[in-house]
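Here is the structure we will look at.
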Amino acid sequence: MIHTHFQWNYTPFQKDIKTEHLFMSARFQEVQARLMFMIQQRSFGLITGDVGAGKSTAIRALKDRLASDKHVFLYVSDSSLKPRDFYREMLLQVNIEPEFLANDLKRQFKKALLDIYENQKKTPVVVIDEAHLLSPSMLQEIRFLTNFNVDSLSPLALILVGQPELRDKLRLRSLEAISQRINTRFHLDGLTYEELAAYIIHQLKMAGEEKQIFTEAALKKIYKETRGTLRLTNRLCTECLLDAVSRKQELVDEDSVQRVLDDYDY
Numbered sequence: 001m002i003h004t005h006f007q008w009n010y011t012p013f014q015k016d017i018k019t020e021h022l023f024m025s026a027r028f029q030e031v032q033a034r035l036m037f038m039i040q041q042r043s044f045g046l047i048t049g050d051v052g053a054g055k056s057t058a059i060r061a062l063k064d065r066l067a068s069d070k071h072v073f074l075y076v077s078d079s080s081l082k083p084r085d086f087y088r089e090m091l092l093q094v095n096i097e098p099e100f101l102a103n104d105l106k107r108q109f110k111k112a113l114l115d116i117y118e119n120q121k122k123t124p125v126v127v128i129d130e131a132h133l134l135s136p137s138m139l140q141e142i143r144f145l146t147n148f149n150v151d152s153l154s155p156l157a158l159i160l161v162g163q164p165e166l167r168d169k170l171r172l173r174s175l176e177a178i179s180q181r182i183n184t185r186f187h188l189d190g191l192t193y194e195e196l197a198a199y200i201i202h203q204l205k206m207a208g209e210e211k212q213i214f215t216e217a218a219l220k221k222i223y224k225e226t227r228g229t230l231r232l233t234n235r236l237c238t239e240c241l242l243d244a245v246s247r248k249q250e251l252v253d254e255d256s257v258q259r260v261l262d263d264y265d266y
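Using UniProt numbering, read the sequence shown as starting at 1 and increasing by one per residue.
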């Protein structure tokens, strides 16, 4: 509907945008650099950011850039997982039939990680998303993944991803041992106004738009409402484009943004 009206190749501001079309803001480039450093060092890292800041997009971009002949990417985002379920999921992702008992699963996973590192000559990259929702028992279990060494070097890169409250949780005395093992920490902020304006132009250009169809006043209003949060920006821009389509307009102006804001709770 939108792309037909504007004669674009596809509808912009969608969640499943190809990674090669992503907007590389300064902070996005920095988080990618930090993630690659964690992997190169095979260390324990922490990435935090507010809801919709682009954490999952950053992880998706990371996965796409990792060479399959050098890395094995393991990802879980089910925050309700118990340790036993976590090990089962990880083993299934490396095509190993899980055993039944918890201790056997733990031993299996350790053996699998060492096999990937020592025999396959690849780096296991374990990413645990939505980590702010993990239970204390699951967070404690993460200690196991940082406990074993190979010639004093970890065989894997372990990355926790979550909302800012994860940092607060890791300050608890009961989780101090885990927090002390984290080598690299990074907080992903929202876009600045200049970055947001450039992001919107970039999204439109990737879809096939040559003109600037969002007025400056509209851009400023969008930033005021979203504070550079990507998810909110994408949603608001999409609704503004639908408003333009319904009114057969070629521009998104400040009035378009206000009409959307009046109809939706942002």
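Where is the CB? At the ideal position from N, CA and C, for every residue including glycine. The model shown is predicted, which means the values in this text are computed figures rather than measured ones.
For this session: Report all residues from its chain with a CB closer than 6 Å to the CB of D151; omit the five preceding and five following residues, and keep chain order.
Result: The sequence position of residue 151 within the sequence shown is 151, counting from 1. Because the pLDDT of D151 is 49, which lies under 50, any placement of that residue in the model is unreliable, and the number read from its coordinates should be weighed accordingly. Taken in chain order, the list of residues that qualify is empty.
Exercise. What are the start and end residues of each continuous beta strand (DSSP E) run of 3 or more residues lying completely inside the region 91-155, in chain order?
Worked result: Runs found: 123-128.
Problem set entry | Inside the region 165-232 only - beta strand (DSSP E) runs reaching at least 3 residues | Taking only runs of at least 3 residues, the beta strand (DSSP E) segments lying wholly in the region 165-232 are 184-188.
Exercise. Going by beta carbon distance, what residues of the same chain come within less than 6 Å of R247, once the five residues before and after it are set aside?
Worked result: To locate residue 247, count along the sequence shown from 1; it is residue 247. Nothing meets the Cβ criterion.
Problem set entry | Segment contact, 8 Å Cβ cut-off, at least three pairs: the region 58-69 with the region 84-91 | Not touching, per the Cβ criterion.
Exercise. In whole angstroms, what separates the C-alpha of E194 from that of I96?
Worked result: For the purposes of this step, residue 194 is taken as the residue at position 194 of the sequence shown. For the purposes of this step, residue 96 is taken as the residue at position 96 of the sequence shown. Their Cα atoms are separated by approximately 48 Å.
Exercise. Which residue or residues does DSSP assign as beta-bridge partners of L74?
Worked result: The count along the sequence shown starts at 1 and reaches residue 74 at position 74. Note: L74 sits in a beta bridge opposite V126.
Problem set entry | The beta strand (DSSP E) enclosing A157, as first and last residue numbers | By 1-based counting over the sequence shown, the position of residue 157 is 157. 157-162 is the span of the beta strand (DSSP E), which, as asked, contains A157.
For this session: With a cut-off of 8 Å on the beta carbons, I'd call V161 and D129 a contact; round off their distance for me.
Result: As a first step, residue 161 must be located in the sequence shown, where it is residue number 161. As a first step, residue 129 must be located in the sequence shown, where it is residue number 129. With a beta-carbon spacing of about 5 Å, V161 and D129 fall inside the 8 Å limit used to define contacts.
Exercise. In this structure, does DSSP put I2 in helix, strand or coil?
Worked result: Locating residue 2 in the sequence shown gives position 2, counting from the first residue. Helix, per DSSP.
Problem set entry | Check whether R231 and G52 have beta carbons under 8 Å apart | Working through the sequence shown from its first residue, we reach residue 231 at position 231. Working through the sequence shown from its first residue, we reach residue 52 at position 52. By the CB criterion at 8 Å, R231 and G52 fall inside the cutoff.
For this session: Could you pull the start and end residues of the beta strand (DSSP E) that F13 belongs to?
Result: Taking the sequence shown and counting its residues from 1, one reaches residue 13 at position 13. Per DSSP, F13 belongs to no beta strand (DSSP E) and is neither H nor E.
Exercise. Counting pairs of Cβ atoms below 8 Å between the region 172-188 and the region 23-39, do you hit three or more?
Worked result: Between the region 172-188 and the region 23-39 there are three or more C-beta pairs closer than 8 Å, enough to call the two in contact.
Exercise. With a CB to CB cut of under 7 Å and the five nearest residues on each side skipped, what residues in its chain are close to A217?
Worked result: For the purposes of this step, residue 217 is taken as the residue at position 217 of the sequence shown. Sequence-distant Cβ neighbours of A217 in its own chain, meaning closer than 7 Å and more than five residues away, are D253, E254.
Problem set entry | Best match in V245, L74, D16 for proximity to I39 [C-alpha to C-alpha] | Locating residue 39 in the sequence shown gives position 39, where the first residue counts as 1. Answer by Cα proximity: L74.
Exercise. E250: beta carbon under 7 Å from a heavy atom of the ligand HEM?
Worked result: Although the ligand HEM was asked about, the structure shown includes no ligands whatsoever.
Exercise. Closest by CA to T123, which one among K70, N9, H3?
Worked result: Against the sequence shown, residue 123 aligns to sequence position 123. With distances taken between Cα atoms, T123 lies closest to K70.
Problem set entry | Y264 beta carbon less than 8 Å from that of E239 | As a position in the sequence shown, residue 239 is number 239, starting the count at 1. As a position in the sequence shown, residue 264 is number 264, starting the count at 1. Cβ distance < 8 Å, so E239 and Y264 count as in contact.
Problem set entry | Local conformation of F44 per DSSP, three classes | Within the sequence shown, residue 44 is the residue found at index 44, counting from 1. Correct three-state label for F44: strand.
Exercise. Run through DSSP, which three-state label would V257 get?
Worked result: Locating residue 257 in the sequence shown gives position 257, where the first residue counts as 1. Of the three classes helix, strand and coil, the one that applies to V257 here is helix, per DSSP.
Problem set entry | Residue range of the alpha helix (DSSP H) that includes D64 | One-based indexing of the sequence shown puts residue 64 at position 64. Where D64 is concerned, the enclosing alpha helix (DSSP H) stretches over 55-65.
For this session: Just grab the DSSP bridge partners of G49 for me.
Result: Within the sequence shown, residue 49 is the residue found at index 49, counting from 1. DSSP output for G49 lists L188 as bridge partner(s).
Exercise. Relative to the alpha-carbon of S179, which residue among R34, P12, L46 has its alpha-carbon at the smallest distance?
Worked result: Indexing the sequence shown from 1 puts residue 179 at position 179. Ranked by Cα distance from S179, the first of R34, P12, L46 is L46.
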